[in-house]
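A.B. asks: Numbering (my numbering), first residue to last: 704 to 857. Here a beta-carbon is modelled for each residue, glycine too, at the ideal position from N, C-alpha and C. Structure below; questions to follow.
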Amino acid sequence: MTARKSLALATATVALGTGLAMATPAAQAAPAAHSTPGTTASQTRAAAAKAGWHLIWGPKSHKPTTYWATPDFVPRSGTLGVNARCWNGGDGTKYKIDVVRTRDKKVVKKGGWGYCNGGWMTVKANASSGTSYYMRIYLKGNAHTVEAKAYYYR
């Protein structure tokens, strides 16, 4: 009989403790919601708008070519992402993307070679916020139209 009473007491304690624990955050959150309802919602929306990839430049396309140095773009954070694609109609043409710092023409990130099959190739690089960069896009094979764009992550 003592084991049953101990089990019943333990179960009641857990249930009561869980009920109090669940009620406590709701009781604490309610006054905060009434004190500044607009500020909390606007801060949440602003944080949600900032998080993610933001377009800097593009999408732009260039007439059929085997090399394209894009116009300069300036990221607003330390993470830079560039995308490019081309279409080949099955002729086996390959392309590659290099990310280049404009002031000294240093290649900060090299992409590998990929086929011109209409899919996006992505290259991510560490960048200095406020420094200008551009892409060099090389094609090995026939000339094709190239489309490119650049993003920063914040």
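#1: Gly-793 by DSSP, collapsed to three states: which one?
#2: Quick one: what's got a C-beta closer than 6 Å to Asn-786's C-beta in the same chain, skipping five residues either side?
#3: Skipping 5 residues on each side, what residues in its chain have a beta carbon closer than 6 Å to that of His-765?
#4: Quick check on Arg-779: buried or exposed, where buried means 16 or more other Cβ atoms within 10 Å of its Cβ?
#5: Taking the C-alpha atoms as reference points, what is the distance between Lys-827 and Gly-755?
#6: Measuring only the C-alpha atoms, how far is Arg-804 from Gly-792?
#7: Can you tell me whether Gly-761 is helix, strand or coil according to DSSP?
#8: Out of Asp-794, Thr-768, Arg-839, which one is the CA nearest neighbour of Lys-809?
#9: With distance defined between alpha-carbon atoms, name the residue in Leu-783, Asn-820, Gly-817 nearest to Val-811.
#10: Please report whether the beta-carbon of Trp-756 lies at a distance below 9 Å from any beta-carbon of chain D.
C.D. replies: In short:
#1: coil
#2: Trp-823, Thr-825, Lys-852
#3: Trp-771, Val-849
#4: When all chains shown are included, Arg-779 counts as exposed.
#5: 14 Å
#6: 33 Å
#7: strand
#8: Looking at the Cα atoms, Arg-839 is the closest of the given residues.
#9: Closest in C-alpha terms to Val-811, from the list Leu-783, Asn-820, Gly-817, comes Leu-783.
#10: Chain labels in this structure do not include chain D; a single protein chain is all it has.
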